[in-house]
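Asks:
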Amino acid sequence: MNHQAAVPPPGTFGPQDHPSMEAIVSSAWVLLESQITPFTEVMAIPGDIYRALDAGGKKFIARNFMSYVGKNVLYCRDGTGNDRYFLGNPRSFLRGGGTIVSVQGTEPFWMIRSNTTILEAAAAHLGVAVPPKEKKIPRPPNAYILYRKERHNVVRDAHPGITNNEISQVLGAAWNAESREVRQKYKEMSDNIKKALYEQHPDYQYRPRKPSEKKRRGRRTASTDEEIEHDSDELAKPSFAD
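Rendered as structure tokens:
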């Protein structure tokens, strides 16, 4: 399969060679899947691709994306006027000042009107330059974080009512009991993610959050997680040898 093939717009083919919907959906997913990283929460879909999909194709794309993010998702139109759509969890759309506007007869619109946007608009009216806000780059996950994320939902589903702190304790004990081979597998996954991040952001440096920014957590659980993550960091230090 050619991974670079774009979804053809309607009218490009004659009746005898018009691609099947299955082929369109398959090509669309190959293109969209290339966006996905461990940090992806919202997927962007060009307008021509979205319109080429039927209802079943859109459900297929949504279910595939749900398997990555582990959350329910919905489609939204770009509220800025660009010809594109987005697929993501509602909470991801609302984060950072986002707004979802429902319009009868069509998909909801996603618009972002943050304080920064308002400030920039006011500054432009006054002729004042506003320095761009520094974009915070997420810290790449270490081996234990990847292990915990992969198993979090499994433990939660197997034990209804269990708290996140209790899940962390269960998975922390499981991680400590894992073989060297299993831990090495997640170390290699972590190294690959870190390598990709440093290639994209060569000047990246991890900056710990201020105490005032951290959420309150149980002292015992927090201490356990910190010890595990420290050990995992030691195991998962990347080696970028050629």
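Using my numbering, read the sequence shown as starting at 1211 and increasing by one per residue.
Each residue gets a CB set at the ideal place from its N, CA and C atoms; glycine is no exception.
If we require 3 or more residues per run, which beta strand (DSSP E) segments fall completely within the segment 1259–1325?
Replies: Counting whole runs of 3 or more residues, the segment 1259–1325 contains the beta strand (DSSP E) stretches 1284–1288, 1294–1298, 1308–1311 and 1319–1322.
Asks: Within the same chain, show all residues whose beta-carbon is closer than 7 Å to that of residue 1248, passing over the 5 residues directly before and after it, in chain order.
Replies: Cβ within range, chain order: 1351 and 1403.
Asks: Quick check on DSSP: helix, strand or coil for residue 1255?
Replies: Correct three-state label for residue 1255: strand.
Asks: Does the Cβ of residue 1262 have 16 or more other Cβ atoms within 10 Å, making it buried, or fewer, making it exposed?
Replies: Residue 1262 is buried by the Cβ-count criterion.
Asks: In whole angstroms, give me the CA-to-CA distance for residue 1455 and residue 1349.
Replies: With the chain represented from 1211 up to 1452, any question about residue 1455 goes unanswered, as that position is not in the structure.
Asks: Using beta-carbon positions only, say whether residue 1321 and residue 1290 come within less than 9 Å of one another.
Replies: In this structure, residue 1290 lies closer than 9 Å to residue 1321 by Cβ.
Asks: How would you call residue 1414, buried or exposed, if buried means at least 16 neighbouring beta carbons within 10 angstroms?
Replies: Classification for residue 1414: exposed.
Asks: If you measure between the beta carbons of residue 1357 and residue 1390, is that distance less than 9 Å?
Replies: No; because the gap between Cβ atoms is not below 9 Å, this pair is not in contact.
Asks: In the structure shown, what three-state DSSP assignment does residue 1401 receive?
Replies: Looking at residue 1401 - three-state DSSP - the assignment turns out to be helix.
Asks: Quick one: using the 10 Å Cβ neighbour count with 16 as the cut-off for buried, is residue 1364 buried or exposed?
Replies: Result: exposed.
Asks: Around the C-beta of residue 1304, are 16 or more other C-beta atoms found within 10 angstroms, so that it is buried, or is it exposed?
Replies: Looking at its Cβ environment, which holds fewer than 16 other Cβ atoms inside 10 Å, residue 1304 is exposed.
Asks: Please classify residue 1378: does DSSP put it in a helix, a strand, or coil?
Replies: If DSSP states are grouped into helix, strand and coil, residue 1378 belongs with the helices.
Asks: Tell me the rounded alpha-carbon separation between residue 1217 and residue 1369.
Replies: Low confidence applies to residue 1217: its pLDDT is 46, below 50, so where it sits in the model is not reliable, and the reading given next is rough at best. Each residue's Cα considered, the two are about 43 Å apart.
Asks: For residue 1367, which three-state DSSP category applies?
Replies: In this structure, residue 1367 counts as helix in the three-state DSSP scheme.
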